[in-house]
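Encoded as structure tokens, the structure appears first; notes follow it.
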Amino acid sequence: MLRLQPILLLLLSGSTLVRSHEESGEWSCESDSEARVPAQYRPGLVTLDGHADDWKDVNGFEFSLLPALDPDAENAYSGGKMTVKALHDGQDMYFLLQVKGDYVYSKGIGNKCPSVALMFQVGDSATYHNMGGCKESPDTCTSKSCRGYEVDIMHFSIGNAVPGRLYGGNTLDNIEGNGGDRYGHLVDVYSWNPHCRNLDGISPSGNDSSAQNDWKGAWWHDSFTTHSGFVEADNPYGTSGQKGTYYFEFSRPLRTMDRLQQDVQFSIGQSSKFSAAFWYPVDGNPWHGSAHYTVGCDWVPLDISSGSSALSKSASGDSWDAASAFALLLSVVSLCLSAIVGYRSFKAKSIAFSPIDHL
Ligand SMILES: *[C@@H]1O[C@H](CO)[C@@H](O)[C@H](O)[C@H]1NC(C)=O
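Residue numbering for the sequence shown follows my numbering, starting at 4 and increasing by one per position.
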């Protein structure tokens, strides 16, 4: 039965055609129904530093990067595919996005640097297309009129972020109760559609200071020759045009204190729906917001599992039998010991016991 499963999966899979409509006319695109990212329980494996060496034994998925607004394979990102990996340690989720790209960096100019985003379904009705897909306009979208269409977004724009350093949620922005990041622009955002998009806690109909930026992250490019810690004055950190791979590493607690339906909540043993986006200044031209690549034209499942296959393998078979036999031996020995000790103290008591009532 187990052996039949791969064949069954092959038969069931295959591409499904996803069709949708946009103001500009018909929008259609092939989504890869095999695409999914596992997030196993692997505690103590990765450090959030932008380096990817610690992820080498973690399986991910390799995605083609197609233009988000016109997903035509001919216009795919020419630098290569994006690999997305994920895991959790029971407390936090971790993500690694890696994508080949010649080194390009312009300090302080976000759209002349690469940039990445993650997007998650929050509301049951929220579609991948149109970032939630609520039909309301910026004048009318509210948490009430777009209820059910919420998506959660993390966007990291690296123009002010020193490679290898940590950005995202910080004390000052969290005191103000929003998803901003004044230091590195690794922001926590929610949206109902592309025109109704705000930092967590900020809303056209009033702000709510209970929000937080719950994300942290770092970036790196493997053309860098130092591992000893950059400071801002070292920018541009590497040589322009150097071949290599960009790494973007993120973490977020599985659950947050969100009360506004602006954060996705992850559950062990369940799947979440997500997507990843990539901006790159192709031929040195600054990118603009909607001109980005994405890993697919529909949600991609993110499977958060309670175990790790690598861990359960080593805890099975003969080693278990040996361990339990040894445990049985130990318990027999301790039973005998306690019988001896009990008998001795009984004997001792009958001789040496003296009442202490008078004290
Ligand atoms: C909400 O917060 C933003 C950013 O801090 C601010 O610009 C805006 O004026 C605030 N809106 C209200 C209604 O207080």
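Yeah, the Cβ is synthetic: ideal placement off N, Cα and C, and Gly gets one too.
State yes or no: is the C-beta of M134 within less than 8 angstroms of the C-beta of N196?
Residue 134 sits at position 131 when you count from the first residue of the sequence shown. Residue 196 sits at position 193 when you count from the first residue of the sequence shown. It is a contact, given that the beta carbons lie within the stated cut-off.
Quick check: S254 and K219, are their CB atoms within less than 8 angstroms of each other?
Within the sequence shown, residue 254 is the residue found at index 251, counting from 1. Within the sequence shown, residue 219 is the residue found at index 216, counting from 1. Yes; because the gap between Cβ atoms is below 8 angstroms, this pair is in contact.
Touching or not, the segment 164–176 and the segment 128–148, by the rule of three or more beta carbon pairs under 8 angstroms?
In short, these stretches do not touch, since the Cβ pair count stays below three.
Write down the C-beta distance between S160 and H198 rounded to the nearest angstrom, noting that I regard them as a contact closer than 8 angstroms.
Locating residue 160 in the sequence shown gives position 157, counting from the first residue. Locating residue 198 in the sequence shown gives position 195, counting from the first residue. Rounded, the Cβ-Cβ distance is 20 angstroms, inconsistent with contact.
Could you tell me if Y230 is buried or exposed, where buried requires 16 or more neighbouring beta carbons within 10 angstroms of its beta carbon?
One-based indexing of the sequence shown puts residue 230 at position 227. The identity of residue 230 in the sequence shown is His, whereas the question assumes Tyr. Looking at its Cβ environment, which holds fewer than 16 other Cβ atoms inside 10 Å, H230 is exposed.
According to DSSP, is G310 part of a helix, a strand, or is it coil?
As a working note, residue 310 is residue 307 in the sequence shown. It is coil, neither helix nor strand.
Any residue with its Cβ nearer than 7 angstroms to a heavy atom of ligand 1 should be included. What is that list in chain order?
E179, N181, I205, G209, N210
Unbroken beta strand (DSSP E) runs of length 3 or more, entirely within the segment 90–121: which are they?
95–103
Pull up the distance between the alpha-carbon of H224 and that of Q268, whole angstroms please.
Along the sequence shown, read from residue 1 onward, the residue named residue 224 stands at position 221. Along the sequence shown, read from residue 1 onward, the residue named residue 268 stands at position 265. If you take the alpha carbons of H224 and Q268, they lie about 30 angstroms apart.
Determine the extent of the beta strand (DSSP E) in which T248 is found, giving its start and end residues.
Here residue 248 refers to the residue found at position 245 when the sequence shown is read from its first residue. 248–256 is the extent of the beta strand (DSSP E) around T248.
Could you give the residue range of the alpha helix (DSSP H) that holds I156?
Numbered from its first residue, the sequence shown carries residue 156 at position 153. First-last for I156: 154–160, but that is the beta strand (DSSP E), not the alpha helix (DSSP H).
On a Cα-Cα basis, can you pick out the residue from N216, G53, S118, R262 that is closest to Y97?
Along the sequence shown, one-based indexing puts residue 97 at 94. Out of N216, G53, S118, R262, G53 has the C-alpha closest to the C-alpha of Y97.
Tell me the rounded alpha-carbon separation between S270 and R258.
By 1-based counting over the sequence shown, the position of residue 270 is 267. By 1-based counting over the sequence shown, the position of residue 258 is 255. The alpha-carbon atoms of S270 and R258 are separated by roughly 8 angstroms.
Quick one: measure Cβ to Cβ for R39 and F64, integer angstroms, because I've assumed they're closer than 8 angstroms.
Start at 1 with the first residue of the sequence shown, and residue 39 comes out as number 36. Start at 1 with the first residue of the sequence shown, and residue 64 comes out as number 61. The pair is a contact, with the Cβ atoms about 7 angstroms apart (cut-off 8 angstroms).
Say whether the segment 41–59 touches the segment 69–78, bearing in mind that this needs 3 or more beta-carbon pairs closer than 8 angstroms, one atom from each stretch.
no
Have a look at A279 and A236 and give me their C-alpha separation to the nearest angstrom.
Locating residue 279 in the sequence shown gives position 276, where the first residue counts as 1. Locating residue 236 in the sequence shown gives position 233, where the first residue counts as 1. About 31 angstroms.
Kindly list the residues whose CB is nearer than 8 angstroms to the CB of A76, restricted to its own chain and excluding five residues on each side of it in sequence; keep chain order.
Working through the sequence shown from its first residue, we reach residue 76 at position 73. Here the set comprises S67, L69.
Run the CB neighbour count on I343, radius 10 Å, all protein chains shown included, and call it buried at 16 or more, exposed below.
Sequence index remark: in the sequence shown, residue 343 carries index 340 (1-based). Label assigned to I343: exposed.
Per DSSP, which one or two residues make a beta bridge with I278?
Position 275 of the sequence shown, counted from the start, is the residue given in the question as residue 278. Residue identity differs from the one stated: residue 278 is Ser in this sequence, not Ile. Paired residues: M122.
Rounding to the nearest angstrom, what Cα-Cα distance links A221 and F251 in this structure?
Counting from 1 along the sequence shown, the entry for residue 221 is found at position 218. Counting from 1 along the sequence shown, the entry for residue 251 is found at position 248. A221 and F251: Cα-Cα distance of roughly 6 angstroms.
Do the segment 122–136 and the segment 80–91 make contact, defined as three or more Cβ pairs closer than 8 angstroms?
no
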